Amino acid sequence: MPSSSSAASAAVRTHRQGALLVATISNPPVNALSADVRRGLLQAVEAAEADPEVRALVLAGEGRGFIAGADIREFGKPALPPSLPEVCNRIEASGKPVIAALHGPALGGGLEVAMAAHFRIALADAKLGLPEVQLGLMPGSGGTQRAPRLMGLKPALDLMLSGRHMGAQEALEAGLVDRIAEGSQAEAAGVAYAQYLLASRAAIRRAGDSPLAADIEAARATLKEIAADTAKKSRGLFSPLKIVEAVEAGLDLPFAEALWNERRLFLQCIDSPQRAGLIHAFFAEREVVKAPETRAAKPRQVASVGVIGGGTMGAGIAVAVLDAGLSVTMVERDEPSLARGRANVEKVYDGLVQKGRMTAEARAAVLARFGGSTGYAALSGTDLVIEAVFEDIEVKKAVFAELDRVCKPGAVLATNTSYLDIDAIAASISRPQDVIGLHFFSPANIMKLLEIVVPSKVSADVVATAFELAKKLKKVPVRAGVCDGFIGNRILAKYRQAADYLVEDGASPYDVDEAVRAFGYPMGPFQVSDLAGGDIGWATRKRKAATRDPRARYVQIADRICERGWFGQKTGRGWYLYPQGARAGTPDPEVLAIIDAERQRAGVKPRKFSAEEIVRRYMAAMINEGANVVREGIALRPLDVDVTFLYGYGFPRFRGGPMKYADSIGLDRVLADIREFAQEDPLFWQPSPLLVELVTQGRNFDSLNHPAD
Ligand code: COA
Ligand code: NAD
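So in UniProt numbering, the last one in the sequence shown is 709, and the numbering has no gaps at all.
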């Protein structure tokens with residue numbers, strides 16, 4: 001006998017209520033299905049069946065929700081019995097009705113438990129979903145078989161392939177729950193529903209008793225379409241097609257065999273490196289918010305925000321802040337610039353109204369919280385100010401002098417600088433303790449990443465305020481230290497350089513972009529440059545020209561392109577051609593000719609690079625600088641580098657981030673690559689001392705993510 005004979009579960013309590021046995025799941029914070037919960041559920045079903053006085057079993061969650069799914073921390077480790085499929089099958093097989101009462105999250109394995117039950121009632125706040133696909137997985141405890149039976153093939157596949165959450169009302173309409181209950185007590189609602197079912201002598205309904213689809217041939221045709229669409233959209237992801245495969249098998253196989261088949265495919269997903277990458281990303285993005293200052297200090301109150309500059313970033317930041325329900329005062333240098341800034345903000349909302357995603361009234365209500373001025377006095381009562389003027393330290397210092405003069409004591413003074421020394425900006429005013437970096441990414445109202453750059457004199461409550469603001473803006477914050485480019489742009493500078501070297505040495509920019517896309521990025525670096533505008537990088541290169549190490553290799557190809565006014569999409573050509581405002585570029589023979597000429601000027605004999613070698617160099621440059629950033633404390637841990645790249649630089653999530661990727665291929669291999677490349681250019685390819693140290697000690701980056709373990 002398996003687990004049923006073992007000790008009582010502490011995570012599932014049972015009590016009798018009349019003819020009902022009520023099982024309460026209690027495994028804070030989210031009632032994840034740890035072994036103890038699984039065991040408790042199994043024991044509850046067995047207890048209900050064994051007791052002649054019990055006529056039905058009610059399952060309900062305590063605290064925030066029903067069950068948020070499998071315990072994600074258990075994946076990849078040896079599983080303790082009973083398995084979740086065993087639990088679900090036992091629930092479904094029960095000879096006494098089982099009623100699941102849902103509130104809050106009923107996700108993944110949680111929804112699978114509910115679908116195995118015979119009846120489902122949900123409170124209005126219930127969130128139902130099968131989000132396994134977002135972790136590189138698929139439902140593995142009957143979800144691929146029971147969901148289509150309860151809600152139909154297409155809606156079930158949509159739920160499983162998108163991983164989205166469904167509200168109670170939608171779930172009712174979809175057939176996933178039988179009833180919605182008023183009130184806030186799931187257990188009480190479950191008990192009342194169970195009593196009703198007993199009184200009305202409702203017969204047990206098992207999802208597994210019905211066929212997966214009524215019309216098998218029509219279902220086969222639908223699945224064929226969905227499979228083709230999934231193959232196109234999922235771009236190299238492993239688990240989406242496994243989901244389709246599992247459902248398809250259910251058309252032909254008896255239910256029990258279809259469940260075995262699902263489990264087999266689920267285990268393939270568990271073994272895939274994508275699962276490891278995606279689960280790393282899940283926990284990493286929850287870790288980054290726990291910066292030391294957020295534990296040490298309470299945030300200051302922020303209701304009103306000032307934004308200096310209404311250009312690309314200022315306007316985007318203003319929209320992000322308005323969207324969070326706060327009020328914004330924009331300050332520009334003169335009336336025409338202010339009008340442009342205002343127009344930049346309005347344009348975003350006009351677009352939403354046009355697309356039918358916002359009503360005209362809602363637009364007016366948001367813009368009622370937006371004001372502008374050409375004078376700093378307008379900021380005298382503002383709680384937090386974000387400066388987004390030109391990237392010039394003198395211009396920024398002048399702005400901060402004004403802020404120092406007018407802002408109320410305790411106002412947080414932030415800069416959106418991409419590279420400049422925030423310590424120097426802070427030191428230039430009388431209140432360095434209030435100065436911090438809030439580095440948004442373009443477009444600031446869309447991009448999720450917010451680097452919170454912590455200068456040496458800033459007080460902890462200002463840092464805590466920045467993290468609190470990030471939460472309000474629904475951004476993913478990463479704590480960074482002050483250096484040229486902070487975490488993201490500093491590392492970007494290195495791998496961009498590696499890409500430039502590849503091009504001068506013989507790869508075309510199109511080869512590089514293609515290899516990087518094949519790795520999983522949505523775009524390659526030269527496409528990104530064309531999208532952002534080549535002039536931005538050009539300005540930075542000119543600014544840094546005086547301080548560049550004269551011994552360092554410098555590739556001039558990008559400069560030759562910019563000198564022609566080819567800045568990318570906005571000028572119709574850059575690295576690519578964009579005829580008639582096309583969004584997708586086509587290769588440009590003239591660019592290739594410029595590259596050839598530059599190779600000759602630099603005396604480089606071009607050679608061929610395979611896609612694999614391109615990626616090896618590109619990633620080695622990224623990982624090596626990532627290691628330096630961690631070593632210098634610019635990033636708190638490797639996982640902060642990972643989250644930065646996942647949310648700000650398009651790094652493929654299924655690889656977990658550059659540092660996780662490095663661990664997955666082995667740090668010794670990365671170091672060997674760097675040493676090999678160093679034979680050509682020892683100045684550029686200097687192994688990070690941290691990388692060397694970890695390899696020597698036989699450790700990986702992840703060992704630095706959990707120093708207390
Ligand atoms: N297994 C283990 N831990 C989990 C978990 C799970 N399924 N779901 C959440 N947690 C942990 C989080 O890591 C976090 O831990 P921390 O406080 O130590 O950082 C804590 O529970 C709270 O989660 P959080 O996401 O911060 O809370 P929230 O209220 O914003 O969201 C959920 C709650 C359930 C919606 C969200 O956590 C979620 O989507 N979880 C994953 C659900 C899922 O994918 N289930 C299928 C698994 S195959
Ligand atoms: P931009 O040129 O589009 O806008 C700058 C705005 O600042 C202009 O509207 C200008 O009129 C205004 N301005 C200049 N001096 C001013 C002053 N003294 N007082 C008030 N307003 C003034 O530039 P941008 O791209 O929005 O960049 C702004 C800042 O954001 C820079 O520090 C840049 O490095 C940083 N940044 C840019 C990006 C990006 O992708 N563009 C990304 C992250 C950070």
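Just so it is clear, CB atoms sit at the ideal spot from N, CA and C, and this is done for glycine as well. In this text the structure is predicted, and so the values were computed from the model without any measurement.
Chain-order list of residues whose beta-carbon lies under 7 Å from that of residue i (same chain, five-residue window excluded)
i           : result
R90         : L42 and V45
K298        : D461 and A464
V692        : L671
residue 713 : This structure leaves residue 713 out entirely; the chain is present only between 1 and 709.
A518        : A611
T230        : L161, P240, L241 and V244
Among the options, nearest to residue i - alpha-carbon criterion
i           : options                   : result
G534        : Y576, V503 and D178       : Y576
residue 747 : D530, K408, V435 and V476 : Residue numbering for the chain in the displayed model covers 1 to 709; residue 747 lies beyond these limits and cannot be assessed.
G236        : F654, D668, G485 and I446 : F654
I614        : E387, P652, H706 and Y501 : Y501
L135        : G488, G277 and S688       : G277
P29         : K347, L84, P105 and V305  : P105
I216        : L265, P148 and Y349       : P148
V389        : F238, L420 and V37        : L420
Q274        : A47, P606, G520 and R573  : G520
A47         : E86, L21 and S418         : L21
G381        : K408, T374, A515 and G656 : K408
A227        : P211, A249, P443 and A68  : A249
V37         : P587, E53 and E62         : E62
residue 713 : D530, I270 and A552       : There is simply no residue 713 to check, as the chain begins at 1 and stops at 709 in what is shown.
G506        : L492, P606 and G108       : P606
L683        : T294, P707, Y554 and I634 : Y554
M166        : L128, L197 and A202       : L128
S141        : L84, L102 and L492        : L84
Q169        : G485, A214, A122 and A194 : A122
T144        : S162, E112, A124 and D125 : E112
A368        : Y349, I386, A426 and D383 : Y349
C483        : R631, I180, R64 and S234  : R631
G109        : S34, R669, S162 and E53   : S34
E49         : N27, A19, L153 and Y510   : A19
Cβ shell of residue i (< 6 Å), same chain only, five flanking positions each side left out
i    : result
A498 : R617, Y618 and A621
D663 : N700, F701 and D702
F677 : W685
M1   : Because M1 sits at a pLDDT of 36, beneath the cut-off of 50, its placement in the model cannot be relied upon, and the following sentence gives the value as read from the coordinates. Cβ within range, chain order: n/a, list empty.
L159 : L130
G437 : T415, I422 and V453
V321 : V305 and V328
P155 : A174
S688 : N624, A627 and N628
W538 : C562
G648 : F441, L449 and G488
E287 : L639
A635 : I487, V629 and V641
R13  : T24
A32  : A68 and D71
D404 : I429 and S430
R16  : none
Cut-off 8 Å between Cβ atoms - residues of its own chain near residue i, not counting five sequence neighbours on either side
i           : result
G371        : S327, V328, T329, M330 and A378
residue 763 : The structure shown has nothing for residue 763, since the chain only spans 1 to 709.
G310        : A318, M330, E332, S337, L338, R340, G341, R342, N344, V345 and G372
L592        : S508
D334        : T374
Worksheet item: Whose beta carbon lies closer than 5 Å to any heavy atom of the ligand COA, going through the chain in order?
Response: P29, V30, A32, A68, G69, A70, D71, I72, P105, L107, G108, P131, E132 and R286
Worksheet item: When the Cβ atoms of the segment 599 to 613 are set against those of the segment 254 to 261, are three or more pairs found closer than 8 Å?
Response: no
Worksheet item: Does the pairing of the segment 244 to 255 with the segment 176 to 191 give three or more beta-carbon distances under 8 Å?
Response: no
Practice prompt. Flag this pair as touching only if the segment 67 to 80 and the segment 116 to 123 have three or more C-beta atom pairs under 8 Å; answer yes or no.
Written response: no
Worksheet entry | Uninterrupted beta strand (DSSP E) stretches inside the segment 295 to 324 (no shorter than 3 residues) | 304 to 308
Item to complete: Indicate whether the contact test is met: 3 or more Cβ pairs, each with one atom in the segment 56 to 70 and one in the segment 91 to 100, closer than 8 Å.
Response: yes
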